[in-house]
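Undergrad: If you scroll down you'll find the structure; I have some questions about it.
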Amino acid sequence: PSQAPRRTSRDASAVLQDFKRAAIMAFGSAEMAATVLDEVQAAALEERWASDYEQLKESRKKQPAVGYWVHLFVAEGSRVTVAHLFSRYHQALRARCLDAGLRLEGVAVHASSPEMAGHHAFPRSGHPRVLRNADQRRLRALRCETENPD
């Protein structure tokens, strides 16, 4: 499939802002969403472009051609809890993202590196901060490791 030009970090920040709003609505509580998002030290987007067939099928549903895996990096001690919450609210989150024009493929939660400690990807005020220089192939490999830990 033909792909659109690469998005800038400003574009990615806008996507993460839509994701943040959707999380608040999906969790049903701004305080709960803020507590969970406070745990996220870094965030990155992995783009997934729809195949020609998917684009044809989705155009009838008015869904965006590009979807995103949102990669969240949290402290090792919080990883299981954060992953469980996003798994539990996954369907509601996908629906809220779609309402905002964002096709959410899924959320992958990873342990953050020591360099990420003390950072906040989703500050309570201001725009989300995107992990810079996130390599799409590396994100895909991380997601596959998370999905298949064996």
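The working numbering numbers the first residue of the sequence shown as 44 and each following residue consecutively.
Don't be surprised by glycine CBs; every beta carbon is placed ideally from N, CA and C.
Computed from a predicted model, the values in this text were never measured in an experiment.
Grouping DSSP H, G and I as helix and E and B as strand, with all else coil, what is residue 70?
TA: Note: residue 70 maps to helix in three-state DSSP.
Undergrad: State the CB to CB distance for the pair residue 187 and residue 61, rounded to an integer number of angstroms; the pair is presumed to be in contact (CB under 8 Å).
TA: Contact doesn't hold; Cβ gap of about 25 Å is too wide.
Undergrad: Quick one, which of 64, 92, 155 has its alpha-carbon nearest residue 114's?
TA: Ranking 64, 92, 155 by Cα distance to residue 114 puts 155 first.
Undergrad: Check whether the region 126 to 142 and the region 66 to 80 touch, using three or more Cβ-Cβ pairs below 8 Å as the test.
TA: Flag = yes, the region 126 to 142 and the region 66 to 80 touch.
Undergrad: Tell me the DSSP secondary structure of residue 133 in three-state form.
TA: Of the three classes helix, strand and coil, the one that applies to residue 133 here is helix, per DSSP.
Undergrad: Whose C-alpha, out of 185, 132, 150, is nearest the C-alpha of residue 111?
TA: Here the closest residue by C-alpha is 150.
Undergrad: Since I believe residue 117 is in contact with residue 84 (beta carbons under 8 Å), could you give me their beta-carbon distance rounded to a whole number of angstroms?
TA: Their Cβ separation, rounded to whole angstroms, is 6 Å, which keeps residue 84 and residue 117 in contact under 8 Å.
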